[in-house]
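Sequence order for the protein chains is A and B. Heads up, the first sequence stops at 296 in numbering that gives the first Met the number 0, and the numbers go up one at a time, no gaps. Heads up, the second sequence stops at 314 in numbering that gives the first Met the number 0, and the numbers go up one at a time, no gaps.
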Amino acid sequence: MSKKKERKVKIKNGKVKKRIKISRIIVLVLVGCLVAFCAFPLIALICRAFMPLDELYVFPPRIFVRRPTLQNYKDLLTSLSSSTVPFSRYIFNSLWVTVVTVFCTIIVCSMGAYGMVKHKPIGAALIFTIVVAALGFSGHVTKIPSYMIVSGVGLMDSYAALIVPSVATAYNFFLMKQFCEQLPDSLLEAARIDGAKEMRIFWTIVMPLLKPAWSTLCVLTFISSWNDSFSPLVYIHSDAMKTLPLAIQTISGGAGVVARSGTPAAAALLTTAPTIIIYLIMKGQVLQTMAYSGIKS
Amino acid sequence: MSKTAKTTQVSGVYQKPVESKVHRFFRENKTGWLFLGPFMILFLVFTIAPVFVAMGLSFTDYNMIQTPNFTGVTNYRLLLLEDDVFIIALENTLVFACIIGPAGYIMSFVMAWFISLCKRGRGALALCFYAPSLTSGVAMSVIWLVIFAGDRYGYLNHALIQIGLISDPILWCKDSRYILPVIVIISAWMSMGTGFLVFLAGLQGIDPELYEAGRVDGIRNPLQQLFYITLPLMKPQLLFGAINSIVSSLAVFDVATAVAGFPSPNYSAHTIVAHLYDYAFTRFQMGYASAVAMFLFIFTFTLSRICMKIFRSDD
């Protein structure tokens, strides 16, 4: 009986495999096109950032670099005569604002989510309803009053202006709360019976358990903060406080101008690389949990 | 002496239950509130209060210098009936949102699902599909402007001339006929990963035993698995992704201005957020700009509400 069943399954599997092989070619072609579409601009950017001067202006236009050089980066970091602020200052501005924002976001959101989910204080349900409602509109809606608050408090043109308003976003909190609900109550109960203080429970038990959640949050916040060009446009006036997205517009000669020289490409690559690197570092977390779920098909 | 002792005793007896109720209320809620506190303060100040402030400002003529005067619905009347540029912005934004929103949403789900079915190369594929949404629109505009450059040096013009589709280069980023499609392509490129990580995380969270159970119950191919097991279980993530793509596709601004300039030729890349930025932070007509913000708010909010109705989980 069992042998017969096994045979049937085998035959079925064989049929399914053949059918997949025909459809697989179509899928592979489609995926291949998508991969090309996704990767092309990035590859073109990487090549341009390392192109020597003569290759940048050659006709017919060249996509791939033949003799890579670091000259564009040297120009970018040392002899950028058009501006009084060294380019390294922009890198520092972006890095500082992003790192502090990510750090604060993770702490504030995981604390809030933990407090809401595991302590359920009065009003938690109402707050969550508001948070969910706040997911439904973009930060642009609140920019005018935020601008008035920031300038009223005297934070214009400071790092705080770029950090403080973007720490408590509904998006991040919602994500954290969703993950938080999967935490087992039993562990927390056990720690409480052992007499651990709430802060201790939070740091030693909750935070490690939330690691996949805050790794994801780390990636998302890093991207949004690092790439944010709207906030600096609104809050920052002086050259020295600009972050990378604004600096690139200055270097490439403003919006709409085709910057064919190598320095804007080098600056663009410098701006793009960190987000990809942070994703690659955190990817382990994301894909590791994925491997555990191991979908066998 | 005995009298005072008696009263304290009596008061002690009477106060104890009253005090303990209040005390218990605080004891039960204190830790939760303390944990929620930092988030709540920042959230109230920079997200909730601003919505109401903007709502109030939209009925005034506030300009950052003079004290605001109440002007009723004048701002809204001007905005919807007389501001031709806003109508252009609205049209452009809707074109963006209708193409980029659904396309980005479906693509990122299909990609996440496809990757979860792959046995090898998951990491490389995930990186490839997710990398575009990791980039900054402003930074990438450097290379997009080279690809869509209006002369023969532009990659696209060169390729099309080589193939023989066109004989003269097209001014992709200056001709108002082509600006919108160009920005749609760029935004589509960037929006493919909007919900990608959320979907990936959601797909991971599904218990593999459910797939085993499904196989026992007669589910044979991955498509059936998708429709009968994966999608129903992923409703929360799908909703989250849907709301995000609505919000982000209606807020196109930086790519459009970085590629087409600000203001763009014939306002062909003008969006609602661009209009908001123009009136709020270059002309400082905060009252009018708040009306634009409120329009964006009501629009996105209504769409998100509809989404929540569609994707509502039953439990």
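Even for Gly, the Cβ is constructed at its ideal location relative to N, Cα and C.
- At a cut-off of 7 Å between beta carbons, B/Phe-128 contacts chain A.
- In terms of CA proximity to B/Met-191, B/Ser-244 leads the group B/Thr-299, B/Ser-166, B/Ser-244, B/Leu-79.
- Under the 7 Å criterion on CB atoms, B/Ser-135 is classed as interfacial with respect to chain A.
- Taking 9 Å as the cut-off between beta carbons, the residues of the stretch 116-129 of chain A near chain B are Lys-117, His-118, Lys-119, Pro-120, Ile-121, Gly-122, Ala-123, Ile-126, Ile-129, in sequence order.
- When rounded, the separation of the alpha-carbon atoms in A/Ser-237 and B/Ala-255 is 24 Å.
- Across the stretch 248-279 of chain B, CB contacts with chain A closer than 8 Å involve Leu-249, Ala-250, Phe-252, Asp-253, Thr-256, Ala-257, Val-258, Ala-259, Gly-260, Phe-261, Ser-263, Val-272, Leu-275, Tyr-276, Ala-279, in sequence order along the chain.
- Contact annotation: A/Ile-275 and B/Ala-111 have beta-carbon atoms that are not nearer than 7 Å.
- Taking C-alpha positions only, B/Val-251 is separated from B/Cys-172 by approximately 16 Å.
- The shortest C-alpha to C-alpha distance from A/Thr-242 to any of A/Ser-224, A/Ala-38, A/Gly-252 is the one to A/Ser-224.
- A Cβ-Cβ separation of about 10 Å leaves B/Met-293 out of contact with A/Ile-143 under the 8 Å criterion.
- In the assembly as shown, A/Arg-47 is a buried residue. Its beta-carbon has 16 or more other beta-carbons within 10 Å.
- By the beta-carbon neighbour count (other beta carbons within 10 angstroms, threshold 16), A/Met-175 is buried.
- A/Ala-160 is positioned such that its CB atom lies closer than 7 Å to that of A/Val-149.
- Within the stretch 130-144 of chain A, the residues whose Cβ lies closer than 9 Å to some Cβ of chain B are Val-130, Val-131, Ala-132, Ala-133, Leu-134, Gly-135, Phe-136, Ser-137, Gly-138, His-139, Val-140, Thr-141, Lys-142, Ile-143, Pro-144, listed in chain order.
- In terms of CA proximity to B/Phe-310, B/Leu-237 leads the group B/Thr-66, B/Val-291, B/Leu-237, B/Asp-206.
- By the beta-carbon neighbour count (other beta carbons within 10 angstroms, threshold 16), A/Gln-181 is exposed.
- B/Thr-46 and A/Ser-157 have their C-alpha atoms roughly 20 Å apart.
- Scanning B/Arg-304, B/Ile-297, B/Phe-283, B/Ile-305 for the CA closest to the CA of B/Pro-67 turns up B/Phe-283.
- For A/Phe-172, DSSP records no beta bridge to any residue.
- At a C-beta separation below 9 Å, B/Val-50 has these neighbours in chain A: Ala-133, Phe-136, Val-140, Thr-141, Pro-144.
- Here A/Val-57 is exposed. Its C-beta has fewer than 16 other C-beta atoms within 10 Å.
- Apart from sequence neighbours up to five positions away, no residue of its chain approaches A/Val-34 with a beta-carbon distance below 6 Å.
- For B/Gly-153 against B/Ile-146, the beta-carbon gap comes to about 7 Å, under 8 Å, which counts as contact.
- Using a Cβ distance threshold of 7 Å, A/Val-96 and A/Ile-162 count as a contacting pair.
- Residues of chain A with a Cβ closer than 7 Å to the Cβ of B/Leu-230 do not exist, since the nearest Cβ in that chain sits about 14 Å away.
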